[in-house]
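Single-structure report; data block below.
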Amino acid sequence: MLNRASFRPWWRTAAIYQLYVRSFADGAGDGIGDLAGARARLPYLASLGIDAIWFNPWYASPMADAGYDISDYRAIEPAFGTLADADALISEAHALGIRIIIDVVPNHGSDQHPWFRSALAAGPGSAERARFWFRPGRGIRGERPPNDWQSIFGGPAWTRVTESDGSPGEWYLHLFAPEQPDFNWGCPDVRAEFEDVLRFWFGRGADGIRIDSAALLTKDPALPDLPDTGPGTPPGPAHPYTDRDDVHDIYRSWRAIADEDETGSRVLIGEIWLPDAQRLARYVTPGELHTVFNFPYLSCPWDAGALRRVIEQTLALNAPTGAPATWVLSNHDVDRTVTRYGRADTAFDLERRRYFHSLPTDLELGTRRARAAALLTMALPGSVYIYQGEELGLWEVQDIDDDLREDPIWRRTNGADPGRDGCRVPLPWSGTEPPFGFSPDSAVASPWLPQPKEWRDLTVAAELASAGSMLRLYAEGLRIRRAEGALRGTGMRWLPAPDGVLAFDRPGADGPAVRCVVNLSPGPVPLPAGGTVLLASGPLDRGLLPPDTTAWLRAEP
Ligand code: NOJ
25 MLNRASFRPW
35 WRTAAIYQLY
45 VRSFADGAGD
55 GIGDLAGARA
65 RLPYLASLGI
75 DAIWFNPWYA
85 SPMADAGYDI
95 SDYRAIEPAF
105 GTLADADALI
115 SEAHALGIRI
125 IIDVVPNHGS
135 DQHPWFRSAL
145 AAGPGSAERA
155 RFWFRPGRGI
165 RGERPPNDWQ
175 SIFGGPAWTR
185 VTESDGSPGE
195 WYLHLFAPEQ
205 PDFNWGCPDV
215 RAEFEDVLRF
225 WFGRGADGIR
235 IDSAALLTKD
245 PALPDLPDTG
255 PGTPPGPAHP
265 YTDRDDVHDI
275 YRSWRAIADE
285 DETGSRVLIG
295 EIWLPDAQRL
305 ARYVTPGELH
315 TVFNFPYLSC
325 PWDAGALRRV
335 IEQTLALNAP
345 TGAPATWVLS
355 NHDVDRTVTR
365 YGRADTAFDL
375 ERRRYFHSLP
385 TDLELGTRRA
395 RAAALLTMAL
405 PGSVYIYQGE
415 ELGLWEVQDI
425 DDDLREDPIW
435 RRTNGADPGR
445 DGCRVPLPWS
455 GTEPPFGFSP
465 DSAVASPWLP
475 QPKEWRDLTV
485 AAELASAGSM
495 LRLYAEGLRI
505 RRAEGALRGT
515 GMRWLPAPDG
525 VLAFDRPGAD
535 GPAVRCVVNL
545 SPGPVPLPAG
555 GTVLLASGPL
565 DRGLLPPDTT
575 AWLRAEP
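Per the working numbering, the very first residue in the sequence shown carries number 25; after that it's consecutive.
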């Protein structure tokens with residue numbers, strides 16, 4: 025149960041579970057996950073030992089981009105439930121001591137949002153169109169888009185509308201799919217609307233906000249072509265739409281809204297993919313966001329030197345601002361960890377998904393590494409994210425039939441980019457055949473994406489019953505992380521280690537240190553002397569730490 029004493033900045037060290045609603049649990053029996061399903065599984069999450077849940081968008085949406093195209097920011101998608109379900113879910117989660125973070129999508133709405141429909145109806149030059157980016161086209165008849173920007177999902181970032189008299193009309197900007205028109209953040213209505221949306225959800229008990237595409241909101245009003253280098257133009261203050269200086273003003277206002285709560289426990293988390301970690305750190309300067317996702321860590325290959333560099337860089341960049349680090353291995357946009365770590369190239373990059381999918385994967389090796397990576401991640405100072413299904417060791421489903429795929433990335437690139445459906449397959453809960461308890465026995469439809477039959481061994485029920493399962497490892501790791509003050513502190517000290525091995529201490533304020541050793545080298549290594557093993561991601565080999573294995577030890581004082 026949450027009480028006043030627990031209203032400290034809980035998010036600094038939280039374990040946050042990412043719940044992708046339509047693939048988590050289906051209560052209604054229509055093959056689509058929903059809030060009733062999530063409510064019924066809250067005890068599972070409580071026993072897993074997480075502190076908070078981040079819900080992917082749950083709002084009313086035509087689902088052109090799986091809910092990231094929102095038509096009403098104050099209503100729940102009917103396929104997921106009702107506002108009353110959300111209220112009940114928030115209070116039931118709170119009763120279990122779990123906080124709720126919701127996903128706010130401010131860069132773009134849906135083409136079915138009432139604002140966009142009235143903008144289409146109102147015509148060029150209207151106040152309604154000023155809330156979006158409408159512009160006449162180039163060329164004699166306006167037949168070419170206003171500039172050369174490309175959609176992040178493929179194809180041009182502009183779509184031409186038909187005006188109410190039936191003539192070809194203006195174009196509107198959409199950095200993602202055409203069904204996701206970008207809001208114009210220079211328009212005061214947009215700012216006021218989102219501030220109200222934030223207050224609406226905080227008022228209903230939300231404990232935090234995950235801000236989608238947080239570096240993209242503001243655009244150069246001149247909408248210039250991208251300079252010379254085209255789509256590869258580096259982000260920064262001069263970029264026409266990525267990481268512009270004026271975006272920070274929005275987050276200062278949002279921070280003031282979060283801080284209206286006198287307990288200071290609400291958190292703002294930015295989703296920002298930036299190659300330049302220094303620019304990323306600007307978003308967590310005092311008075312702005314509390315944390316940002318650590319995509320450099322997520323993208324990092326399974327390599328001791330590279331991981332150490334990214335960990336050091338993360339901690340160094342956060343230190344001056346006092347913001348806690350976040351550690352993320354996976355989410356609903358990227359390849360699942362066990363698949364990624366089983367490939368010859370273990371990095372990840374959104375732009376090269378096709379290449380990664382062309383590589384064979386060794387799931388056994390990938391699973392071993394994913395177990396080791398989970399313990400490394402949980403041992404680092406800061407907060408940690410767990411994308412649903414990672415705790416079960418699910419793999420990326422790469423052989424989905426083309427006609428079942430739903431991701432607009434797949435459609436807009438004509439299949440050149442396999443997209444993200446493979447990490448969004450509904451979870452297996454129990455039983456030996458699909459739908460593996462995802463839907464109730466009375467269900468009238470199959471899960472919206474088919475589950476591999478091999479997942480019979482990876483159901484929650486099967487893994488709870490198996491001592492060496494990924495689920496038991498996660499639960500035990502989270503339990504120890506919660507119990508050991510050292511792991512919830514801020515200190516971290518690297519220890520000397522052989523090539524390919526990461527070793528560090530997490531010193532306790534009053535108690536003993538917890539030591540973490542990760543072997544990324546090809547051979548077994550001895551564990552440091554003078555410690556007792558608290559947990560290991562795999563069996564030790566006559567006292568040695570095998571390759572691709574992590575151990576936590578209680579260091580002797
Ligand atoms: C980032 C989200 O994580 C992704 O799933 C979505 O497609 C884009 N933003 C557009 O909203």
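The C-beta atom is built at its ideal place from N, Cα and C for all residues, glycine as well.
The structure displayed is predicted, hence computed values, not measured ones.
Around the beta carbon of D270, a 10 Å sphere encloses fewer than 16 other beta carbons of the protein chains shown; the residue is thus reported as exposed.
The C-alpha of R228 is placed about 11 Å away from the C-alpha of L113. Boundaries of the beta strand (DSSP E) harbouring A527: V525 to R530, taken from the DSSP string. Runs of the alpha helix (DSSP H) spanning 4 or more residues and lying entirely within the segment 492-525 occur at 494-507, in chain order. In the assembly as shown, D445 is a buried residue. Its beta-carbon has 16 or more other beta-carbons within 10 Å.
The C-beta distance from G210 to R123 rounds to 34 Å, too long to meet the 8 Å contact threshold.
DSSP lists no bridge partner for L331. The three-state secondary structure of F200, taken from DSSP, is coil. The beta-carbon separation of P450 and R530, rounded to 36 Å, does not stay under the 8 Å limit for a contact.
At least one heavy atom of the ligand NOJ lies closer than 7 Å to the C-beta of V129. Under DSSP, no beta-bridge partner is assigned to G311. Assignment of alpha helix (DSSP H) within the segment 458-489, counting only whole runs of 4 or more residues, yields 484-488 in chain order.
For secondary structure counted as the beta strand (DSSP E) over 3 or more consecutive residues, the segment 230-279 holds these complete runs in sequence order: 232-235. Closest by C-alpha distance to T574, out of A397, A117, R306 and T257, is A397. Remark: the shortest separation between the CB of Y265 and any heavy atom of the ligand NOJ does not fall under 7 Å.
Per the Cβ contact rule, the segment 490-502 is not in contact with the segment 461-475 (fewer than 3 Cβ pairs under 8 Å). In this structure, H198 has its CB at a distance of at least 7 Å from all heavy atoms of the ligand NOJ. Per DSSP, the continuous alpha helix (DSSP H) segment holding Q302 begins and ends at A301 to A305. Relative to the non-hydrogen atoms of the ligand NOJ, the Cβ of H356 comes within a distance shorter than 7 Å of at least one. Judged by pairs of C-beta atoms under 8 Å, the segment 92-106 does not touch the segment 163-177, as fewer than three such pairs exist. Taking a cut-off of 8 Å for Cβ pairs, the segment 144-161 and the segment 260-267 do not touch, as fewer than three such pairs fall below it. The closest heavy atom of the ligand NOJ lies less than 7 Å from the beta carbon of E295. R155 sits in a helix when the DSSP states are folded into three classes. Our two residues, F158 and L250, have alpha carbons roughly 18 Å apart in a direct line. The segment 64-75 makes contact with the segment 32-51; the number of CB pairs closer than 8 Å reaches 3 or more. At least one heavy atom of the ligand NOJ is found less than 7 Å from the C-beta of Y92. Residue environment: L322 is assigned as buried (16 or more neighbouring CB atoms within 10 Å of its CB, all protein chains considered).
By the CB criterion at 8 Å, Y409 and V352 fall inside the cutoff. For secondary structure counted as the alpha helix (DSSP H) over 4 or more consecutive residues, the segment 359-427 holds these complete runs in sequence order: 361-364, 377-382 and 387-403. For D236, the Cβ falls inside the 7 Å cut-off from some heavy atom of the ligand NOJ. Taking 8 Å as the cut-off, the Cβ atoms of G163 and S188 do not count as close. Between D267 and A239, the CB-CB gap stays under 8 Å.
Of the candidates T315, Q412 and A510, Q412 places its Cα closest to the Cα of Y68. Counting of Cβ neighbours within 10 angstroms places V468 among the exposed residues, the total staying below 16. F200 sits buried, since 16 or more C-beta atoms from the chains shown fall within 10 Å of its C-beta.
Shortest Cα-Cα distance from V549 to any of D357, D50, Y498 and G567 involves G567.
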